[in-house]
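Just add 4 to the spot in the sequence shown (first one is 1) and you have my numbering.
The beta carbon of each residue, even a glycine, is placed where N, CA and C say it ideally should be.
To keep things clear, I will list the structure first and then write my remarks on it.
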Amino acid sequence: MNRAIKNVTASVLLFIIILAGYTNSFNASWHLDDYPNILENPRIHLTEFSFESIINTFYASFDNGLYQGKKMYRPVPCFTFALNWYFGGDNVFGYHVVNFSIHFLTAFILFLTVFNLFETPNLKSRFNNKNQYYAAFITAVLWAVNPIQTQAVTYIVQRMASMGAMFYILGFYFYIKARNSNSLQNRVFFFLSCLMSYLLALGSKENTVILPMALLLAEIVFFQDTAKPETRKRLLIITGAGAVLILIIGGLFLGRNPLSVIGSYEHRTFTLFQRIMTQPRILLLYLSQIFYPVPGRLSIEHDIAVSTSLFQPWTTIPAILTIIFLIGAAVILIKERPVVSFAIFFFFLNHVIESSVIALELVFEHRNYLPSMFLFFLYHWECLHFLNTTGRKI
């Protein structure tokens with residue numbers, strides 16, 4: 005069976021499995037931020053296909069109870085909301101069909117991405133794995149049907165999160181394809197496709213600004229020989245420059261001072277310090293929900309006690325130490341267990357925007373839609389590694 009047929013087979017099976025999990029969600033009602041962003045937003049209520057009305061959907065910002073329309077706000081998903089409104093008004097079915105389609109496409113792109121990661125130098129050199137299609141498929145399935153993703157798929161306005169993640173992982177996929185290619189023409193095409201995907205991701209949700217750092221992480225883990233001192237020094241410089249570049253790109257794209265995105269805490273019941281202290285506990289909550297996703301632990305809202313110090317509540321310091329341990333383990337294992345390191349780094353890296361200093365709500369499950377992707381690759385890779393080292397077969 006050639007690669008094209010295998011890809012088609014995988015896509016059909018993925019579609020059937022994911023549809024089975026979400027078949028009862030297509031009539032789920034509107035909730036919370038759906039109202040100000042869609043139902044009550046005049047710029048989303050597209051009634052004609054004119055240049056002006058389409059451009060208006062790009063400026064559907066909602067600030068302090070007013071639809072000011074003065075700044076561009078997540079134009080890609082907002083335009084798709086407007087298309088939904090044009091064809092179906094406030095009927096939720098069409099919105100859910102689009103959200104489901106985005107989820108399926110994201111899962112399929114994740115499948116392709118994991119498959120191509122097996123062909124990178126630092127993984128391919130470890131063992132000739134004949135089960136890469138199986139591993140990529142299982143990774144995509146485990147990610148797509150995990151209950152932690154439900155909020156990003158069925159909470160209609162969180163199309164912003166799922167669409168941003170879709171273009172983000174698409175850009176990541178194109179980068180891996182470019183680096184694996186021996187053809188200059190193909191490399192140029194894939195790098196340009198990566199850039200275009202990045203712009204579409206930025207136009208969907210701002211947290212995707214972190215993609216260049218994820219690409220650098222992939223470069224370090226999957227392509228570079230980090231045992232060489234000169235490589236480590238060069239990568240350290242690039243990492244610092246990349247962090248600054250992301251701030252600049254984010255600021256230019258959003259049309260504001262990069263530092264201003266931290267926002268004001270005047271309208272919050274917690275301070276900046278308390279948010280920083282609380283987030284380690286929340287990150288561990290997310291991980292526990294991913295690996296132990298029983299219904300009673302999942303909710304559109306969570307009542308989290310704010311950490312006011314390292315010892316109040318007492319779980320604050322253990323949470324901080326646990327995260328330090330995980331990141332330290334990722335550093336130590338980068339040569340011996342590259343997928344383990346990458347999955348850990350990827351999870352925390354993609355929580356940096358929404359789980360650090362910005363004055364957002366403390367916790368939302370949909371924030372795990374993107375960061376959780378490679379945690380399932382980690383699990384399956386370790387199973388394959390065990391089978392390979394013991395000489396067993398699947």
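{"Asked": "Spatial neighbours of Ala323 within its chain, please: CB distance less than 6 Å, with the 5 preceding and 5 following residues excluded, ordered by chain position.", "Found": "Pro284, Arg285, Leu288"}
{"Asked": "Please classify Ile332: is it buried, with 16 or more other beta-carbons within 10 angstroms of its beta-carbon, or exposed?", "Found": "Per the sequence shown, residue 332 should be read as Gly rather than Ile. It counts as exposed."}
{"Asked": "What is the rounded straight-line gap between the Cα of Ser376 and the Cα of Leu114?", "Found": "11 Å"}
{"Asked": "Would you mind stating whether Leu219 and Ala205 have Cβ atoms separated by less than 8 Å?", "Found": "no"}
{"Asked": "Express the C-alpha separation of Ile328 and Pro125 in angstroms, rounding to a whole number.", "Found": "29 Å"}
{"Asked": "What three-state label does DSSP hand Gln316 in the structure shown?", "Found": "strand"}
{"Asked": "Using the Cα positions of Ser360 and Val213, report the straight-line distance between them to the nearest angstrom.", "Found": "15 Å"}
{"Asked": "Reducing DSSP to helix, strand and coil, say where Tyr159 ends up.", "Found": "coil"}
{"Asked": "Rank Val118, Tyr177, Leu302, Val101 by C-alpha distance to the C-alpha of Tyr202 and give the top, closest one.", "Found": "Tyr177"}
{"Asked": "Please work out which residues of its chain come closer than 8 Å, Cβ to Cβ, to Asn150, disregarding the five sequence neighbours upstream and downstream, and give them in chain order.", "Found": "Ile294, Pro297, Ser376, Phe380"}
{"Asked": "Would you kindly work out how many angstroms separate the C-alpha atoms of Phe378 and Thr143, rounded to a whole number?", "Found": "8 Å"}
{"Asked": "Near Ser208, which residues of its chain fall below 7 Å by C-beta distance, leaving aside the five closest residues on each side in sequence?", "Found": "Arg78, Val80, Pro81, Met164, Met167, Gly168, Phe171"}
{"Asked": "For Val96 and Ala156, I'd like the C-alpha separation in whole angstroms.", "Found": "15 Å"}
{"Asked": "Return helix, strand or coil for Pro151, following the three-state DSSP convention.", "Found": "helix"}
{"Asked": "Could you give the distance in angstroms between the alpha-carbon of Gln162 and the alpha-carbon of His370?", "Found": "7 Å"}
{"Asked": "Applying the criterion that 16 or more other CB atoms from any shown protein chain within 10 Å of the CB defines a buried residue, is Ile336 buried or exposed?", "Found": "exposed"}
{"Asked": "Could you check whether Ala148 and Ile304 sit closer than 8 Å to each other, using their CB atoms as the reference points?", "Found": "no"}
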